[in-house]
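Colleague: Below: one structure in structure tokens.
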Amino acid sequence: NDQSFKVPRHPSEVNWAEHFPAVAKNPEAKLEVENVDVGCGFGGYLLKLGEVYPDQLSLGLELRDKVTEYVADRITALRAEEGGEGGEGKEGCTYENVAVLRANAQKDLPHYFRKGQLRRMFFLFPDPHFKASNHRRRIISEQLLDEYAHFIRSGGRLYTITDVEELGAWMKSHLDAHPLFERVGDEELDGGGDEAAKFLPSASEEAQKVKRNEGKTYRSVYRRR
Ligand code: SAM
Numbered sequence: 165n166d167q168s169f170k171v172p173r174h175p176s177e178v179n180w181a182e183h184f185p186a187v188a189k190n191p192e193a194k195l196e197v198e199n200v201d202v203g204c205g206f207g208g209y210l211l212k213l214g215e216v217y218p219d220q221l222s223l224g225l226e227l228r229d230k231v232t233e234y235v236a237d238r239i240t241a242l243r244a245e246e247g248g249e250g251g252e253g254k255e256g257c258t259y260e261n262v263a264v265l266r267a268n269a270q271k272d273l274p275h276y277f278r279k280g281q282l283r284r285m286f287f288l289f290p291d292p293h294f295k296a297s298n299h300r301r302r303i304i305s306e307q308l309l310d311e312y313a314h315f316i317r318s319g320g321r322l323y324t325i326t327d328v329e330e331l332g333a334w335m336k337s338h339l340d341a342h343p344l345f346e347r348v349g350d351e352e353l354d355g356g357g358d359e360a361a362k363f364l365p366s367a368s369e370e371a372q373k374v375k376r377n378e379g380k381t382y383r384s385v386y387r388r389r
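Take any residue in the sequence shown, count from 1 to its spot, add 164: that is its number in my numbering.
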């Protein structure tokens, strides 16, 4: 069953050293996740986060068992490949700063993160849940935005992108309406000032699929007030 997996009671019970063993051994490094890719799928964007933010820990959350396992194996392989002598992957990244967890982001976030802990949260090509009766299952909603605002620190950012026009409009309208989020303008995002924004339309597996089909994408990025 996809819902039956262990969830810690409280963030203090999470053994982060298990997920980031090399970082845990470094007394100078902070063992605290700062970037979260929600519903990370096969992990393409998560790995990019590791490369772009070498000094920050990035975590993927994924609901599907097999997909989570796949991403974990991918990270293990990259660590082995790039970590050894003569290694070092793109941008010198050894992927010790990325990890993946199986979690239901709609329920489990308070079990993993503390208030104001996160710099960035990503919602990339989330499931559209087209039918009106299923809209309550969407990963962006008024109630969930309250929760995301709780975990993102002031000045931190929330990123969304989708190829589903209606979902793009839905996410934008909920974010625009939320008092704790303010929209980041296209000039800033396209001006190159935000490294994470650059890879939204290209790094994840879903993004690549959309790109191959020459599909249009709808991006919304917000600053936590
Ligand atoms: N973000 C990835 C990408 O761009 O390639 C994957 C996009 S895929 C359409 C949506 C992913 O979100 C799926 O892998 C799904 O299992 C995951 N997902 C859906 N609901 C979730 C939840 N409540 N918590 C965590 N992951 C979830």
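Just so you know, even glycine gets a beta-carbon here, dropped at the ideal spot from N, CA and C.
Computed from a predicted model, the values in this text were never measured in an experiment.
Would you call Pro185 buried or exposed, if buried means 16 or more other Cβ atoms sit within 10 Å of its Cβ?
Modeller: Exposed, since its Cβ has fewer than 16 Cβ neighbours within 10 Å.
Colleague: Assign Asn165 to buried or exposed, taking buried as 16 or more other Cβ atoms, counted over all protein chains shown, within 10 Å of its Cβ.
Modeller: With a pLDDT of only 45 at Asn165, under 50, the local geometry of the prediction cannot be trusted, and no value is derived from it.
Colleague: Measuring CA to CA, which of Lys362, Val262, Gly355 is closest to Thr232?
Modeller: Per the Cα distances, Val262.
Colleague: What does the alpha-carbon distance come out to for the pair Leu339 and Val348?
Modeller: If you take the alpha carbons of Leu339 and Val348, they lie about 11 Å apart.
Colleague: Got a sec: does the ligand SAM put a non-hydrogen atom nearer than 7 Å to the Cβ of Val328?
Modeller: False, no ligand heavy atom lies under 7 Å from that Cβ.
Colleague: Hey, is Arg228 close to the ligand SAM, as in C-beta under 7 Å from one of its heavy atoms?
Modeller: Checking every heavy atom of the ligand SAM against the Cβ of Arg228, one is found closer than 7 Å.
Colleague: Look at the alpha carbon of Thr381 and the alpha carbon of Glu329, and state the distance between them as a whole number of angstroms.
Modeller: About 8 Å.
Colleague: Among the residues of its own chain, which have a CB less than 7 Å from the CB of His293, if the five just before and after it don't count?
Modeller: Counting only Cβ-Cβ distances below 7 Å, and skipping sequence neighbours, we find His299, Arg301, Arg302.
Colleague: Does any heavy atom of the ligand SAM sit closer than 7 Å to the C-beta of Val231?
Modeller: Yes, the ligand SAM has a heavy atom inside 7 Å of this Cβ.
Colleague: Which whole runs of the beta strand (DSSP E) in the region 217-248 are 3 residues long or more, in chain order?
Modeller: Counting whole runs of 3 or more residues, the region 217-248 contains the beta strand (DSSP E) stretches 221-226.
Colleague: Which residues in the same chain have their Cβ closer than 7 Å to the Cβ of Gly357, if we skip the five residues on either side of it in sequence?
Modeller: Taken in chain order, the list of residues that qualify is empty.
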